[in-house]
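As numbered in full-length UniProt numbering, the sequence shown has no gaps in its residue numbers, which increase by one up to the final residue, 254.
Here a beta-carbon is modelled for each residue, glycine too, at the ideal position from N, C-alpha and C.
Structure record follows, encoded as structure tokens.
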Amino acid sequence: MTTTELLRTEKLCKTFSSGGIQQHALKNLDISLVQGDFTVIMGSSGSGKSTLLYALSGMDKPTLGEIHFGGQELSKLNNDQLAVFRRKNCGFVFQQIHLLDSMSILDNVLASGLLVSKDRKAIAAKAKQLLAQVGLTEAAWGKFPSQLSGGEAQRAGIVRALINSPDVVFADEPTGALNSAASDSVLNVFTDVNRNGQSIVMVTHDLKTALRGNRVLYLRDGVICGDLRLDPYRPEHQHARHEKLTAFLAEMGW
1 MTTTELLRTE KLCKTFSSGG IQQHALKNLD ISLVQGDFTV IMGSSGSGKS
51 TLLYALSGMD KPTLGEIHFG GQELSKLNND QLAVFRRKNC GFVFQQIHLL
101 DSMSILDNVL ASGLLVSKDR KAIAAKAKQL LAQVGLTEAA WGKFPSQLSG
151 GEAQRAGIVR ALINSPDVVF ADEPTGALNS AASDSVLNVF TDVNRNGQSI
201 VMVTHDLKTA LRGNRVLYLR DGVICGDLRL DPYRPEHQHA RHEKLTAFLA
251 EMGW
């Protein structure tokens, strides 16, 4: 099977200074991610999961090393260039949904789309199509975020992340604040868009969430110490998949 590289890191390092002490959050990481993959990043608290996600997405600059993404080396871009790059090439979904409370769900999505395209009619049509695709009916489009359930608001957040057709969606604990039913509905959306070719890189500490990926990277103290490949997610293969991932995580000391 032919695969196309999405992004690549070379000797990626991130160091923080606290009280005169250097803390090495990422240590010489060489990673290659492929288009269309659903990559899950796992590890214990403080292992560097979110630091890696922010570096890969251009939200934070590495201390040393290179990140090649979409034909560009992110470490050579200034802050303004990085902002434009993220807007055009990346979608973001966080545990805290960050929808604007003063705007309707539809307007929240439109606001993100109009940062890249000025064709309001086309963006509105795409926004409505995506909202319907994730199970949000027209009755919900005019509501404010506070009027939706957590799962509904997070699905709207995913639509906001998808509106500009990003090369990759970066997600940081997107189901961390949701109950089980809402979590399942959000994970189903991620699975569906990935089946349609959307690349996803997701940080999670949750086993059920990790089962949706087809690649799991395990970090320990800023180093990748495990790399598990899985077949694309199918509910009917859940048991065997669970056993394989559980065995991998036990080997990693999770």
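Exercise. How would you call residue 246, buried or exposed, if buried means at least 16 neighbouring beta carbons within 10 angstroms?
Worked result: Reading the sequence shown from its first residue, position 246 is the one you call residue 246. A residue is called buried when at least 16 other Cβ atoms come within 10 angstroms of its Cβ; residue 246 does not meet this threshold and is exposed.
Problem set entry | As assigned by DSSP and simplified to three states, the class of residue 178 | As a position in the sequence shown, residue 178 is number 178, starting the count at 1. It is coil, neither helix nor strand.
Problem set entry | For residue 252, the first and last residue of its enclosing alpha helix (DSSP H) | By one-based count along the sequence shown, residue 252 stands at place 252. 238-252 is the extent of the alpha helix (DSSP H) around residue 252.
Problem set entry | Sequence-distant residues of its chain with Cβ nearer than 6 Å to residue 194 (five each side left out) | Here residue 194 corresponds to residue number 194 of the sequence shown, with the count starting at 1. Answer for residue 194: 38 and 200, listed in chain order.
Exercise. What are the boundary residues of the alpha helix (DSSP H) that residue 157 is part of?
Worked result: Sequence index remark: in the sequence shown, residue 157 carries index 157 (1-based). Unbroken alpha helix (DSSP H) run through residue 157: 150-162.
Problem set entry | Close Cβ partners of residue 97 (< 6 Å) along its chain, the five nearest in sequence each way excluded | Here residue 97 refers to the residue found at position 97 when the sequence shown is read from its first residue. Excluding positions up to five away in sequence, the list reads 153, 154 and 157.
Exercise. Are there three or more Cβ pairs, one per stretch, closer than 8 Å when the stretch 3-11 is compared with the stretch 67-85?
Worked result: yes
Problem set entry | Proximity below 8 Å, CB of residue 91 to CB of residue 162 | If you number the sequence shown from 1, residue 91 lands on position 91. If you number the sequence shown from 1, residue 162 lands on position 162. Cβ atoms of residue 91 and residue 162: closer than 8 Å.
Exercise. Using the C-alpha atoms, what's the distance from residue 217 back to residue 74?
Worked result: Here residue 74 corresponds to residue number 74 of the sequence shown, with the count starting at 1. Here residue 217 corresponds to residue number 217 of the sequence shown, with the count starting at 1. Going by the C-alpha atoms only, they are around 22 Å apart.
Exercise. Which residue or residues does DSSP assign as beta-bridge partners of residue 71?
Worked result: Within the sequence shown, the letter at position 71 stands for residue 71. Answer is none; residue 71 lacks a bridge partner.
Problem set entry | Own chain, CB closer than 8 Å to residue 123, minus 5 neighbours either side, in chain order | As a first step, residue 123 must be located in the sequence shown, where it is residue number 123. These residues qualify, in order along the chain: 110, 113, 114, 117 and 163.
Exercise. Would you call the CB atoms of residue 248 and residue 228 closer than 8 Å?
Worked result: For this step, residue 248 is matched to residue 248 along the sequence shown. For this step, residue 228 is matched to residue 228 along the sequence shown. Taking 8 Å as the Cβ cut-off, residue 248 and residue 228 qualify as a contacting pair.
Exercise. Below 8 Å between beta carbons: does that hold for residue 93 and residue 215?
Worked result: Within the sequence shown, numbered from 1, the residue matching residue 93 stands at position 93. Within the sequence shown, numbered from 1, the residue matching residue 215 stands at position 215. Not in contact: residue 93 and residue 215 (Cβ atoms no closer than 8 Å).
Exercise. Residue 85 by DSSP, collapsed to three states: which one?
Worked result: One-based indexing of the sequence shown puts residue 85 at position 85. The answer is helix: DSSP assigns residue 85 an H, G or I state.
Exercise. Do the CB positions of residue 170 and residue 53 come within less than 8 Å of each other?
Worked result: Translated into the one-based positions of the sequence shown, residue 170 becomes position 170. Translated into the one-based positions of the sequence shown, residue 53 becomes position 53. Yes, they are a contact pair.
Exercise. When the Cα of residue 86 is compared with those of 60, 253 and 127, which residue comes out closest?
Worked result: Taking the sequence shown and counting its residues from 1, one reaches residue 86 at position 86. Comparing Cα-Cα distances from residue 86 to each of 60, 253 and 127, the minimum goes to 60.
Problem set entry | Length of the line joining the Cα atoms of residue 25 and residue 12 | The count along the sequence shown starts at 1 and reaches residue 25 at position 25. The count along the sequence shown starts at 1 and reaches residue 12 at position 12. Distance between the alpha carbons of residue 25 and residue 12 is about 10 Å.
For this session: Measure the alpha-carbon distance for residue 99 versus residue 141 and round it to whole angstroms.
Result: Along the sequence shown, one-based indexing puts residue 99 at 99. Along the sequence shown, one-based indexing puts residue 141 at 141. C-alpha separation (whole angstroms): 13 Å.
Exercise. For the beta strand (DSSP E) that contains residue 172, what are its first and last residues?
Worked result: For this step, residue 172 is matched to residue 172 along the sequence shown. Boundaries of the beta strand (DSSP E) around residue 172: 168-172.
Exercise. Residues in its own chain within less than 6 Å of residue 35 by CB, not counting five upstream and five downstream?
Worked result: On the sequence shown, residue 35 is found 35 positions in, with the first residue counted as 1. Only 4, 6 and 199 meet the Cβ criterion.
For this session: Tell me whether residue 224 is buried or exposed, calling it buried when 16 or more other Cβ atoms sit within 10 Å of its Cβ.
Result: Locating residue 224 in the sequence shown gives position 224, counting from the first residue. When all chains shown are included, residue 224 counts as buried.
Problem set entry | Spatially closest choice to residue 16 from 28, 45, 51 and 30, by CA coordinates | Counting from 1 along the sequence shown, the entry for residue 16 is found at position 16. It is 51.
Exercise. Any idea what DSSP makes of residue 118, helix, strand or coil?
Worked result: Within the sequence shown, residue 118 is the residue found at index 118, counting from 1. In this structure, residue 118 counts as coil in the three-state DSSP scheme.
Exercise. What is the rounded straight-line gap between the Cα of residue 197 and the Cα of residue 19?
Worked result: In the sequence shown, the residue the question calls residue 197 occupies position 197. In the sequence shown, the residue the question calls residue 19 occupies position 19. Straight-line Cα distance between these residues: approximately 45 Å.
Problem set entry | DSSP bridge partner residues for residue 64 (one or two, in chain order) | For the purposes of this step, residue 64 is taken as the residue at position 64 of the sequence shown. According to DSSP, which records beta bridges pairwise, residue 64 is partnered with 13.
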